[in-house]
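In the working numbering, the protein residues as written are 8 to 96. So the structure is just underneath, and the comments pick up after that.
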């Protein structure tokens, strides 16, 4: 049976619904861990802290997709982000 769990970016938690959204490694190959907004040509596109990344993402995810407001989105991301590969300590 196929694993139906949604693959998400291990930096910003954006759903990686198709290979078009994958970031790229230094050799140009697709990186399945990170999205094309966070990871390009083998490195992260910004030097943000986890907290800064959350604030960057809040406007994109707080209009009802998937969370109904900024505080709800921020709270959810504060729970999700520490478990992502980029932010795990």
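Using N, Cα and C, we set each Cβ at its ideal position, and we do this for glycine too.
Under DSSP, the beta-bridge partners assigned to residue 31 are 37. Sequence-distant Cβ neighbours of residue 41 in its own chain, meaning closer than 7 Å and more than five residues away, are 16, 17, 18, 30. Along the region 53 to 95, the alpha helix (DSSP H) occurs as fully enclosed runs of 4 or more residues at 57 to 68, 77 to 87, listed in sequence order. Contact check for residue 88 against residue 33 fails: the beta carbons are separated by 8 Å or more.
Spanning the alpha carbons of residue 24 and residue 70 requires a straight line of approximately 20 Å. Cβ-Cβ separation between residue 44 and residue 56: approximately 17 Å, too far for a contact (criterion under 8 Å).
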